[in-house]
Amino acid sequence: AIKQKKQILLEGAHGVMLDNSFGLYPFVTASNVIEGGVNIGSGVPSKKIDEVWGVVKAYTSRVGGGPLPTELLDKIAEGIRDRGYEYGTTTGRPRRVGWLDLPAVKFACQLSSINRIAITKIDILSGLSEIKVCIGYKLNGKKIEFSQCGYLELEKLTPIYKTFSGWKEDISKIKSFKKLPVNCQKYVKFVEKYLEVKIKIVSVSPERKASIFV
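My numbering applies: residue 1379 is where the sequence shown begins, and numbers increase by one.
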């Protein structure tokens, strides 16, 4: 198929920070889930991979234990959890949710050589008066990089936030990025600028065709 220049799509099943080698041990899975794991799992050599897409929720979620510096424990969390249906597929257990953690996402992008991003569930943030994103951390009053942190440090961090005004509109039927509420566009553009990776898809609902190609 490669020699015939056919399109091949390989999909991973876990978040980068669950990677067995580079994730936040011991809160990891049993295999390598970064871009390098594709070579091991499929036999496709790295030189034959043209694009690496990262799929990123517009907020952060986590199943079970482990560090979640931006975790929300209030009514905002309940709203995000219910609207986003953040419950375990088999157990129904509520997932932990928090604001988008950009340093963690940027680190994941670097680990996996991600050069395209699809941001999903941004419609879940509709209706919030303000939306925060984590842009850094402090530990004992001093700034610290994500790459310097193990899980013990991450559990003690104080997130540094940038706050955006929210939007009230229902965006689930919108088909063009330019027709999204201005504040929604600002949010997406900021994420793209911070990550230094192009956001090529913005998903505005669970429907299959509800993806805006940017």
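For every residue, glycine included, the Cβ atom is placed at its ideal position computed from N, Cα and C.
Given residue i, which residues of its chain have a CB within under 7 Å of its CB, disregarding the five upstream and five downstream residues?
i, result
"Val1483", "Val1434, Leu1573"
"Val1582", "Ile1500, Asp1501, Ile1549, Ser1550, Ile1552, Ala1588, Ile1590"
"Ile1418", "Asn1410"
"Pro1445", "Leu1402, Tyr1529, Leu1532, Glu1533"
"Ser1543", "Glu1508, Asn1561"
"Trp1545", "Ser1504, Pro1559, Asn1561, Cys1562"
"Leu1517", "Glu1531, Lys1534, Leu1535"
Considering only the alpha carbon of each residue, which of the options lies closest to residue i?
i, options, result
"Ala1408", "Val1394, Cys1562, Gly1421", "Val1394"
"Thr1541", "Glu1547, Leu1535, Gly1514, Leu1558", "Gly1514"
"Leu1480", "Lys1571, Thr1467, Val1580, Leu1388", "Lys1571"
"Pro1404", "Gly1421, Lys1557, Lys1576, Gly1442", "Gly1442"
"Glu1389", "Gly1432, Glu1547, Thr1498", "Gly1432"
"Ala1486", "Thr1498, Val1575, Lys1520", "Val1575"
"Leu1535", "Ile1522, Trp1545, Glu1547, Lys1546", "Ile1522"
"Gly1505", "Ile1386, Ile1380, Pro1559", "Pro1559"
"Ala1391", "Val1416, Ile1497, Ile1579, Glu1585", "Val1416"
"Ala1496", "Gln1385, Glu1585, Lys1381, Lys1578", "Lys1578"
"Lys1557", "Pro1584, Glu1456, Val1592, Arg1586", "Val1592"
"Thr1498", "Arg1586, Lys1384, Val1580, Phe1555", "Val1580"
Less than 8 Å between C-beta atoms, sequence neighbours within five positions excluded: which residues of the same chain meet that for residue i?
i, result
"Arg1459", "Tyr1465, Pro1472, Arg1473, Val1475"
"Trp1477", "Tyr1437, Thr1438, Thr1448, Leu1450, Ile1509, Lys1510, Val1511, Cys1512, Pro1537, Tyr1539"
"Val1430", "Glu1413, Ser1490, Ser1491, Ile1492, Asn1493, Arg1494"
"Ser1420", "Leu1388"
"Ile1454", "Leu1506"
"Ile1380", "Ile1386, Val1422, Lys1426"
Where DSSP assigns a beta bridge to residue i, which residues make up the other side?
i, result
"Trp1431", "Arg1494"
"Glu1413", "Per DSSP, none; premise fails for Glu1413."
"Ser1581", "Ser1589"
"Gly1476", "Thr1438, Glu1449"
"Tyr1463", "DSSP lists no partner for Tyr1463."
Taking Cβ positions only, does residue i come closer than 7 Å to chain C?
i, result
"Ser1439", "Absent here is chain C; the protein component of the structure consists of one chain."
Looking only at its own chain, which residues have a Cβ that is under 6 Å from the Cβ of residue i, when we skip the five neighbours before and after it?
i, result
"Glu1547", "Pro1559"
"Thr1452", "Note on identity: in this sequence residue 1452 is Asp, with Thr being the wrong assignment. Same-chain partners within the cutoff: there are none."
- prompt: At a cut of 8 Å, does the region 1508-1518 reach the region 1423-1434 through at least three beta carbon pairs?
  reply: no
query: How do the region 1563-1581 and the region 1515-1526 stand: do at least 3 beta-carbon pairs fall below 8 Å, yes or no?
result: no
task: Kindly confirm or deny that the region 1396-1405 and the region 1447-1463 touch, where touching means at least three C-beta pairs closer than 8 Å.
output: no
- prompt: What are the complete beta strand (DSSP E) segments, minimum 3 residues, inside the region 1479-1529?
  reply: 1494-1498, 1508-1517, 1520-1522
query: At which residue ranges does the region 1531-1576 contain complete beta strand (DSSP E) runs of 3 or more residues, listed in the order of the chain?
result: 1536-1543
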